[in-house]
Every structure is written in structure tokens, then in C-alpha cells.
Amino acid sequence: MSLQVSLCHWGAFEADIRAGRLHATRPWPGSGADPEMIGALPELVYSDKRILRPHIRESWLRQGHSAGGNGRGTDKMVPVDWDAALNLVAAEIARVRDRYGHSALFAGSYGWSSAGRFHHARSQVRRFFGALGGFTNQTGNYSWGAAKIILEEVLGSADAVSGAATSWDSIAGNTNVLVAFGGLNPKNWKVTSGGAGDHHMPDHVRQAAAKGTHFVVLSPFADDIPDGLEATWIAPRPGTDTAIMLALAAEMVTRGRADRAFLERYTSGSGRFLAYLLGETDGIPKTLAWAAAIADVEEEALRQLADRIATGRVMLTASWSLQRARYGEMTYWALIGLAAVLGQIGQPGGGFTFGYGSLNAVGHGAIKGLVPSLPGCGNDAGTTIPVARISDMLERPGTVIPFRGSEIRLPHAQLIYWAGGNPFHHAQDLFRLQRLWQRPETIIVHEQVWTATAERADIVLPATTSLERSDIGGTSRDPHVFYMPKLIDPVGEARCDFDIFRALSERLGTAERYTEGRDEAAWLAHLWEDRRRAAQARGIQAPSFDDLKRQNVWTVPKPDRPEILLEAFRHDPDGAPLATPSGRIELTSSRIAGYDLADLPPHPAWLDPWEGEADQDGFALLSRQPRRFLHSQLAGTSLAGEPELQMHGDDARDRGLTDGTTVRVRSATGSALMTLRTTSRCRRGVLAAETGPWFRGGDGVDTGGNPNAVTSDIATSSLSQATAAQTCRVWVEAVTAKP
Ligand SMILES: Nc1nc2c(c(=O)[nH]1)N[C@H]1C(S)=C(S)[C@@H](COP(=O)(O)OP(=O)(O)OC[C@H]3O[C@@H](n4cnc5c(=O)[nH]c(N)nc54)[C@H](O)[C@@H]3O)O[C@H]1N2
Ligand SMILES: Nc1nc2c(c(=O)[nH]1)N[C@H]1C(S)=C(S)[C@@H](COP(=O)(O)OP(=O)(O)OC[C@H]3O[C@@H](n4cnc5c(=O)[nH]c(N)nc54)[C@H](O)[C@@H]3O)O[C@H]1N2
Ligand SMILES: [Mo]
0 MSLQVSLCHW GAFEADIRAG RLHATRPWPG SGADPEMIGA LPELVYSDKR ILRPHIRESW
60 LRQGHSAGGN GRGTDKMVPV DWDAALNLVA AEIARVRDRY GHSALFAGSY GWSSAGRFHH
120 ARSQVRRFFG ALGGFTNQTG NYSWGAAKII LEEVLGSADA VSGAATSWDS IAGNTNVLVA
180 FGGLNPKNWK VTSGGAGDHH MPDHVRQAAA KGTHFVVLSP FADDIPDGLE ATWIAPRPGT
240 DTAIMLALAA EMVTRGRADR AFLERYTSGS GRFLAYLLGE TDGIPKTLAW AAAIADVEEE
300 ALRQLADRIA TGRVMLTASW SLQRARYGEM TYWALIGLAA VLGQIGQPGG GFTFGYGSLN
360 AVGHGAIKGL VPSLPGCGND AGTTIPVARI SDMLERPGTV IPFRGSEIRL PHAQLIYWAG
420 GNPFHHAQDL FRLQRLWQRP ETIIVHEQVW TATAERADIV LPATTSLERS DIGGTSRDPH
480 VFYMPKLIDP VGEARCDFDI FRALSERLGT AERYTEGRDE AAWLAHLWED RRRAAQARGI
540 QAPSFDDLKR QNVWTVPKPD RPEILLEAFR HDPDGAPLAT PSGRIELTSS RIAGYDLADL
600 PPHPAWLDPW EGEADQDGFA LLSRQPRRFL HSQLAGTSLA GEPELQMHGD DARDRGLTDG
660 TTVRVRSATG SALMTLRTTS RCRRGVLAAE TGPWFRGGDG VDTGGNPNAV TSDIATSSLS
720 QATAAQTCRV WVEAVTAKP
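As numbered in numbering that gives the first Met the number 0, residues 0 to 738 make up the sequence shown, in order.
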């Protein structure tokens, strides 16, 4: 028996290896990682869903790309040997490139892949196609796609959602009230992209509360309040937070509480924003009564919230979910607008930070930039689409769509290549994707397990898990870097993505560019040396690669002082201006005005995401991140119970539905079967389902219970073209016989 430490997206763990087999896994002592998710690793690794050999769809094996895509997902998959598979894949890539050009190779391959930064599958696949000369890439992400773009416009960088945060050290003892739009659901603190050594968010919250911070949670669901926290709960209608933010800002202005000096010195375009708040531009003063009617909450609750934020130090936060909705850009811009009116941006414990409730280690306060990442190889002859426009691309190649004030021509993808993502989990309107997925000539997937995407490929290559190869892992948000030793031999004939691409690049004549002459060990040493030098340049002594290997974990020293978002800008707006046209926080954006978008005005404003959707007795469905897995990873293990649908007990009673029965959730795009769970801890008219269950598809009814069977893939707006999964209207009915 040997005990070794390694890392996954859901935390650091100790692995108990017996006779070369992974026997058990438990959280790295003191890490606070979730024992249930960590403990499921052996089951994932040895799952009967593992792909053990390369497979080719029977008709594709017979006829090649001329087989057509109709049988994807239903044809038999035939096991073949590696050489045969690699020869076919290399020849097919060359054929599509030569016949249609580089943009016909769609390899954006969105997805979280595994922890471990060298073997990060999505980085590997894009590097491989970059080395080949180019491909169609995907830009942005599903997590904070709208935020990225609006923040780049109004703050000059997406830092405030991608990494920078006012740290909890700065909140505790300074912040009088923390207002959390979208709440602080502890389930989201179980994971960090890249994996973390510390999962201490509940402690941070408790410590802040103990030092006097009062929490106000705005969410339709009370489980977005951590257990034991005495928070004020306000339950708005989904998609209406923007109206509340604007009304609070307007209330501060009318009470004379707006920080005019801050607005003057640090923002641009506040005049037009304030005029809008007061109704001078559209005749509608954004009063508390106005917002209360839109959000369907008590005006008095909003008045009390206004009282609370009118004095003292106020931290505002919004979960990432809030911008994963129609006009999601506006929600984030409105929060910045409210914070600007309060004037505490850049001060200890004040201003705003995005995502305290969305991911582990946000505000944990670690030195950034010390975790390696695999560099790309450019994308010379390629092109890029916004990540969530994949179905549009497949349906309307050649069409021009607006994006960020300019235009993108959607390419004609003939070969889809995916490694490290599961689009039949993450994309919206999966029945639409399933129809359009038949169109490309060839689809190739590297996977560990038979996901819905792997099942719908022509060629499937089995990939190792991070326990079957060596790597270096970590995340900038957390103060640890891990050497991740190979713990067990590959299961079946699985190979790491790097070895697969190396073999393909040898066949395609691009090996030198792709590998740079390095194998796994040489890459790890090279990537680490690069970070060690970067650390040294900042006066931090990092271990040598050999020492890192020996010691397994390097604990990075803590920063000298708590991080405060936009502190340098606050201190000296002329010396450290923002990278916006004005150098200031843009409360009216001349650039966005110049884009002249029909669906997005140039200042934070209320736009109704539900407009045009008559209620017709339907529900708003929130598809939330799963409590017990990471996206669709672990969905093939025993952690996956029946997919559940949360509904208020009174709504269920009114419809004659009872707890525990199977229901059909139906929308304009499709339907899914789920088990009904009634609760009293949510507002009426709203439902929650978890993302992650493996989509089974079928005839318009997903028996797998994936909420993306019913979501719509409309965009947030023509500015970002991001996912708007949370704007989803559904109906629910009892199912008598389960198909
Ligand atoms: N309705 C709705 N939809 C959503 C969301 C929502 O809130 N609502 N959230 C969205 C968000 S924020 C996200 S980030 C996405 C997540 O979507 P994804 O990132 O696509 O989801 P994962 O299940 O993490 O998919 C990763 C896949 O990579 C595989 N994999 C892991 N390691 C390796 C490896 O080393 N090699 C290879 N070849 N494969 C590997 C895993 O088995 C898994 O199938 O979903 C989005 N979809
Ligand atoms: N356990 C676990 N944790 C995860 C993940 C996972 O798969 N599993 N995925 C990670 C990833 S990739 C991401 S991007 C983050 C996403 O982080 P988030 O986007 O923050 O996560 P969600 O669960 O979608 O939403 C958080 C809460 O927002 C509330 N909410 C939704 N819509 C509204 C609204 O309109 N108004 C208000 N006031 N509240 C609303 C919901 O009740 C929900 O519980 O989570 C990360 N954390
Ligand atoms: Mo995400």
C-alpha cells in the first residue's frame, strides 16, 4: 500500500494504491475538499463506462465520411486497434484540410478537461491544430461569457471576473454589509478550475459574519444561503436583479447619498446614467416601487436594503449565473453602476467582486501566475466563433453575425474534433444540436467515458484520466502547486491526449512544431522551469522541478497584504488608468454607443429578459451547477441519482403533482424527465434542475434528465453572443408511464 497526493478539479486528495490499483481516495488532510466527490474517483477510473479501446462507427468504418451523419448515436461502435484508428484520423484531417481549408476543422473543443495543466486536453487539441496551421476556435466561455465582454468594455479588462477579487481578509472586519445577488451556495465551493489545496470558503464567510458583516442574499432559492448564516433573504423573480440594482442606485441618488466626487473622478458618462435612473431620459424613475413590481418582492424589503447600504462599508457581489441570462451584460454593468454610486470601489471591503458564490477560492487571496499552462501554437489560417454559437454555425454556415461591435462570418465546419469537453452536456437546446450534429462529414472525440458526445462520434479515442499520467496542477486562486504523479497504469488501452496528438502529428508532418522535441517529462520540466523563473523575478523562491516532484506540493507564500479589486486605480486614476477609452469606469460607453446595437443601450439599463413570453402558467427554470458532481463528470458514477426538479410545494399541489413522482418538463425546444422534489424554501413559479446528467436524447424527450433538453440557445445579446441558459420558460406535467 502507498499513499500519494494528487489533484482534481474538486480538490487535492490522498490516493491509496494497492497492488497497482487505485483502492481509495480521500481529501488531502486539512484541505476541506468534499469527501463524497473525492471518494468517487476510483469508481470513475474503473467505471464500466470507461472507453477501453479506439472505436469507429460501423458505417463510417465501411464508407468513411460519405457514410453521412444520420446514424450518429445509434449505429454500432466497432473496436479497432490504435494504428488503424490513428491512420484513419490523420488521413481524415488531411483530407478535410486539403479539400475545404483550415476553417472546416472545428476544434474549439470547449470544456473543463481535467486538472493538470500540461495534459489539459483542450489546450492540447488546440495546440495540435495550431501546429497544423489553423482551425476554427471558440472564444469566450459558458461560465462568464457575457461578463467577459462587458467588463472588457467598461473596466478595460475581464480580470474582475476571471481572477481579481477583493479578498475575504479585506472583508472581515471592514465590510458592514455584503449583498449577494444570486447568493453564496456552498455547493459551488466544491470545485475550482485547475484544482485547489484549500476549500475554506465556508470559514471565510463565518469569519466575516463573526466580525460583524451582515449578509443579504437575493435569490429565488433559500439554499443559496450557507447553513448557519443569519442572512436577510429576498427572493426576486429570476432575471430581474438588474431592476433592483438600478433602483437601489436611483434611491441613493435621490437620498443624496450618491458619491458625486467618486463619480466625477473615477467614472465617465455618469451624467447620462443618473439621468436614466431618475427617469429623465425615458420618463420612468427607477424607484424602489418600480423594481419591487418587476421583481415581485415587497417594496419594504428593498427599502430596508437601501437603508442598509446607505451607510457603512458595503460589498456587492453577483454570482456568475446572473449573467448567463438574456441581457446578462446589463446585470453586471448595473452592479458596477450601483457600486460606483456608493463610491467605495477600490477601498478595503467595499465596492464589488464577482463570483464569491460561484467558485471555490474566489477572494482567497493568493499570488497569481505561478501555475504553468501549455502554450498554444497560434491559429494562422483559422477563424473563431463565439463559444455558444455552435448550433448557429452548423445550421447557417456563411452567415454573418454581429459580435463585439464587428461581424463574424460563421465557417462551414466539416470535421468536428473534441477533447476535454462534453457539448451534449454544456450546450443549450440539445435537441437542436442533435439534429445539426448530423451535418459535418466527420466527428472525432477523445474521451475517458462514454458520454453523450462520445456516443455521437464517428471515431472515439480512449483518453487516460489524470491519475494515469504525470502532471503539474493548481490554480492562481489557490496558494498551492501540485506535482501530480502517475498513480496507476492506463486503464484498457487508453492513452493521454498528448501521446495521441503526437502520433497524429508524426503522420501529418507537424510533430516538430507540436512537440518541440519534448516528451511528457521534458515538457513538465520545461513548463515548471518557466514558472520558477517567473517566481524568481518577483522575489519568490520556488522549488526546482526535482524538488517539486519529491515534495509533491509547494505552498506558495501568501501575499503581504489583502487584495482589493481596483485598488491601484482608486489610489491613482491618472497613473493607473483603466484600459477603457476614457481610462475610467464607463457608466456610459461611447464605444458601445458606436456599435449601435438594437438590443443593448450604452449604459446600464433594465431590459426585460422575459419580454414577449406570456406567462401562460409556466415556470422559470434555473439550471444550476450540480451539488454532487462537476458538470457531467461523475455523472456516470453512483453519485448520480435520479435527476430532480425542485418546485414549491404549493405550486405542486395546485397542479396535482406529488413529491417523488416522475414529471415531464417541457419547453418550446424539447422535454426532459425528472423526479419532482417539493420544497418550501423557494419562491413560487420558479424551478431548479441540476446540470450534468448525461443526455440520452431520443424522440424529443430526454430520459436522461438533462436540463439543456429544454433550454434555449438564444444569445445574451448581440454584443457578447453568450449563453442565456437561465432565461428558460417551461411547463411541467405528470408522467404516468416512464418511456
Ligand atoms: N443549462 C445550463 N447549461 C450549462 C450551464 C448552466 O448553468 N446551465 N453551465 C455551463 C458552464 S458554466 C460550463 S463551464 C459548462 C461545462 O461543460 P463541460 O466543461 O463540457 O463539462 P464537463 O462535464 O466538465 O466536460 C468535460 C469532459 O471532458 C472529459 N475529460 C476530462 N479529462 C479529460 C482528459 O484528460 N482528456 C479527454 N480527452 N477528456 C477529458 C470528461 O470526461 C468530460 O466528459 O456547462 C455549461 N452548460
Ligand atoms: N459542485 C459544483 N460546483 C461548481 C460547478 C459544478 O459543476 N459543481 N461548476 C463550476 C462552474 S464551471 C461555474 S461557471 C460556476 C457557476 O457558478 P454560478 O453560475 O454562480 O452557479 P449556479 O448554480 O448556476 O447559480 C448560483 C445560484 O444563482 C441563483 N440564481 C440563478 N438565477 C438567478 C437570478 O436570476 N436571480 C438571482 N437572484 N439568483 C439566481 C440560483 O439559485 C443558483 O443556486 O460553478 C462552479 N461550481
Ligand atoms: Mo463554468
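Quick reminder that beta carbons are idealized off the backbone N, C-alpha and C, glycines included. Source: prediction; values computed, not measured.
Exercise. Any idea what DSSP makes of Asn187, helix, strand or coil?
Worked result: Against the sequence shown, residue 187 aligns to sequence position 188. DSSP, reduced to helix, strand and coil, places Asn187 within a helical segment of the structure shown.
> Which residue or residues does DSSP assign as beta-bridge partners of Gln801?
Replying inline: For residue 801 there is no data in the structure shown, the boundaries of the chain being 0 and 738.
Buried or exposed: which applies to Pro374, given that a residue is buried once 16 or more other Cβ atoms fall within 10 Å of its Cβ?
-> Mapped onto the sequence shown, residue 374 falls at position 375. Pro374 is exposed by the Cβ-count criterion.
Report task. Go through the stretch 335-377 residue by residue and report every complete run of the beta strand (DSSP E) that reaches 3 residues or more, in order. Result -> Here the runs fully enclosed are 350-353.
Could you check where the alpha helix (DSSP H) with Leu672 kicks off and where it finishes?
-> Walking along the sequence shown from the start, residue 672 turns up at place 673. For Leu672, there is no enclosing alpha helix (DSSP H); the enclosing beta strand (DSSP E) covers residues Ser670 to Thr678.
Original post:
If Leu468 and His118 are in contact, beta carbons under 8 angstroms, what's the gap, nearest whole angstrom?
Top reply: Looking up residue 468 in the sequence shown gives position 469. Looking up residue 118 in the sequence shown gives position 119. Inspection of the sequence shows that residue 468 is occupied by Arg rather than by Leu. At roughly 6 angstroms, the Cβ-Cβ gap stays under 8 angstroms, so Arg468 and His118 are in contact.
Ser670, buried or exposed, once every other Cβ within 10 Å from all chains shown has been counted against 16
Reading the sequence shown from its first residue, position 671 is the one you call residue 670. With 16 or more Cβ atoms within 10 Å of its Cβ, Ser670 is classed as buried.
Can you find at least 3 beta carbon pairs, one from the stretch 162-181 and one from the stretch 8-15, that sit closer than 8 angstroms? Contact between the stretch 162-181 and the stretch 8-15 is absent: fewer than 3 CB-CB pairs across the two stretches fall below 8 angstroms.
Next on the checklist: On the DSSP letters alone, give me the boundaries of the alpha helix (DSSP H) that Arg468 sits inside.
Outcome noted: Working through the sequence shown from its first residue, we reach residue 468 at position 469. Run containing Arg468: none; DSSP gives neither H nor E here.
**OP:** Decide if Asn69 is buried, meaning its Cβ has at least 16 other Cβ atoms within 10 Å, or exposed.
**Re:** Stepping through the sequence shown from its first residue, residue 69 is reached at position 70. So Asn69 counts as exposed.
Exercise. Assign Asn707 to one of three DSSP states: helix, strand, or coil.
Key: Residue 707 sits at position 708 when you count from the first residue of the sequence shown. Three-state DSSP puts Asn707 in a helix.
Q.
Would you call the stretch 150-168 in contact with the stretch 121-133, where contact means no fewer than 3 C-beta pairs closer than 8 angstroms?
A. Taking 8 angstroms as the limit for Cβ pairs, the verdict is that the stretch 121-133 does not touch the stretch 150-168.
Segment limits, beta strand (DSSP E) that includes His479: Here residue 479 refers to the residue found at position 480 of the sequence shown. Element bounds for His479: His479 to Met483.
One question on the structure: do Val340 and Arg271 come within less than 9 angstroms of each other, judged by their Cβ atoms? Within the sequence shown, numbered from 1, the residue matching residue 340 stands at position 341. Within the sequence shown, numbered from 1, the residue matching residue 271 stands at position 272. No; because the gap between Cβ atoms is not below 9 angstroms, this pair is not in contact.
- Consider the Cβ of Arg695: report whether some Cβ of chain C lies at a distance smaller than 9 angstroms. In the structure shown, chain C does not exist; there is a single protein chain.
Hey, how far is the Cα of Gln535 from the Cα of Pro478?
Stepping through the sequence shown from its first residue, residue 535 is reached at position 536. Stepping through the sequence shown from its first residue, residue 478 is reached at position 479. In this model, Gln535 and Pro478 are separated by some 16 angstroms (Cα to Cα).
Check your reading: residues with Cβ closer than 6 angstroms to ligand 3 heavy atoms: In chain order, the qualifying residues are Tyr141 and Ser142.
(Q) For the structure I just gave you, are there three or more beta carbon pairs, one from the stretch 225-237 and one from the stretch 198-211, closer than 8 angstroms? (A) Remark: three or more beta-carbon pairs, one from each stretch, lie closer than 8 angstroms, so the stretch 225-237 and the stretch 198-211 are flagged as touching.
> Taking the Cβ atom as the reference point for each residue, do Asp712 and Leu432 lie within a distance shorter than 9 angstroms?
Replying inline: Position 713 of the sequence shown, counted from the first residue, corresponds to residue 712. Position 433 of the sequence shown, counted from the first residue, corresponds to residue 432. The Cβ atoms of Asp712 and Leu432 sit closer than 9 angstroms to each other.
Is the separation between the beta-carbon of Pro41 and that of Ala83 shorter than 9 angstroms?
Numbered from its first residue, the sequence shown carries residue 41 at position 42. Numbered from its first residue, the sequence shown carries residue 83 at position 84. 9 angstroms or more divides the Cβ of Pro41 from the Cβ of Ala83.
Next item on the list: Compare the Cα-Cα distances from Thr135 to each of Ala291, Arg254, Gln413 and Leu87 and report the closest residue.
Entry: Indexing the sequence shown from 1 puts residue 135 at position 136. Closest in C-alpha terms to Thr135, from the list Ala291, Arg254, Gln413 and Leu87, comes Gln413.
Could you check if Ala114 is buried or exposed, using at least 16 other CB atoms within 10 Å of its CB as the buried criterion?
Within the sequence shown, numbered from 1, the residue matching residue 114 stands at position 115. In the assembly as shown, Ala114 is a buried residue. Its beta-carbon has 16 or more other beta-carbons within 10 Å.
From the DSSP secondary-structure annotation, give me the bridge partner or partners of Arg56. Here residue 56 refers to the residue found at position 57 of the sequence shown. In the DSSP output, where bridge partners are listed per residue, Arg56 has Met76.
Check your understanding: By how many angstroms is the C-alpha of Ala533 removed from the C-alpha of Gly368?
Key -> As a first step, residue 368 must be located in the sequence shown, where it is residue number 369. As a first step, residue 533 must be located in the sequence shown, where it is residue number 534. Our two residues, Gly368 and Ala533, have alpha carbons roughly 8 angstroms apart in a direct line.
Open item on the list: At the level of alpha carbons, what is the spacing between Ser65 and Gly703?
Closed with: As a first step, residue 65 is located in the sequence shown; it is residue number 66 there, counting from the start. As a first step, residue 703 is located in the sequence shown; it is residue number 704 there, counting from the start. When rounded, the distance between both Cα atoms is 31 angstroms.
- Query: With respect to the alpha helix (DSSP H) encompassing Phe618, which residues constitute its N-terminal and C-terminal limits?
  - Reply: In the sequence shown, residue 618 corresponds to position 619, counting from 1. Note, Phe618: premise wrong, no alpha helix (DSSP H); beta strand (DSSP E) at Phe618 to Arg623.
Bridge partner(s) assigned by DSSP for Asn136: Position 137 of the sequence shown, counted from the first residue, corresponds to residue 136. Partner(s): Thr383.
- Message: Between Gln725 and ligand 2, is there a pair consisting of the residue's CB and a ligand heavy atom that are separated by less than 8 angstroms?
- Response: Locating residue 725 in the sequence shown gives position 726, where the first residue counts as 1. Within the cutoff, so yes.
Between Gly133 and Leu104, is the Cβ-Cβ spacing less than 9 angstroms? Within the sequence shown, the letter at position 134 stands for residue 133. Within the sequence shown, the letter at position 105 stands for residue 104. Result yes, Cβ atoms of Gly133 and Leu104 sit closer than 9 angstroms.
Review point. Residues in its own chain within less than 6 angstroms of Arg416 by CB, not counting five upstream and five downstream?
Key: Numbered from 1 along the sequence shown, position 417 holds the residue referred to as residue 416. Looking at the sequence shown, residue 416 is not Arg but Tyr. Answer for Tyr416: Ala106 and Ile443, listed in chain order.
Of the residues Arg264, Pro235, Thr253 and Ala260, the one placed nearest Ala292, counting alpha carbons only: Taking the first residue of the sequence shown as position 1, residue 292 is located at position 293. Each of Arg264, Pro235, Thr253 and Ala260 was checked against the Cα of Ala292, and the nearest Cα belongs to Pro235.
**OP:** Report the rounded CA-to-CA distance for Thr352 versus Trp81, giving the unit in angstroms.
**Re:** Numbered from its first residue, the sequence shown carries residue 352 at position 353. Numbered from its first residue, the sequence shown carries residue 81 at position 82. When rounded, the separation of the alpha-carbon atoms in Thr352 and Trp81 is 48 angstroms.
| query | To which residues of the same chain is Tyr109 closer than 6 angstroms at the C-beta, ignoring the five residues directly before and after it? | reply | Within the sequence shown, the letter at position 110 stands for residue 109. Answer for Tyr109: Gln137, Val386 and Gly420, listed in chain order.
message = Given 8 angstroms as the limit, tell me if Asp428 has its C-beta closer than that to any heavy atom belonging to ligand 2.
response = In the sequence shown, the residue the question calls residue 428 occupies position 429. Outside the cutoff, so no.
- Whose C-alpha, out of Asp518, Thr450 and Arg530, is nearest the C-alpha of Val480? By one-based count along the sequence shown, residue 480 stands at place 481. Nearest option by C-alpha distance: Arg530.
- [ ] Return yes when the Cβ of Leu656 is within less than 9 angstroms of the Cβ of Leu686, no when it is not.
- [x] In the sequence shown, the residue the question calls residue 686 occupies position 687. In the sequence shown, the residue the question calls residue 656 occupies position 657. Their beta carbons are not under 9 angstroms apart, which means Leu686 does not touch Leu656 by this criterion.
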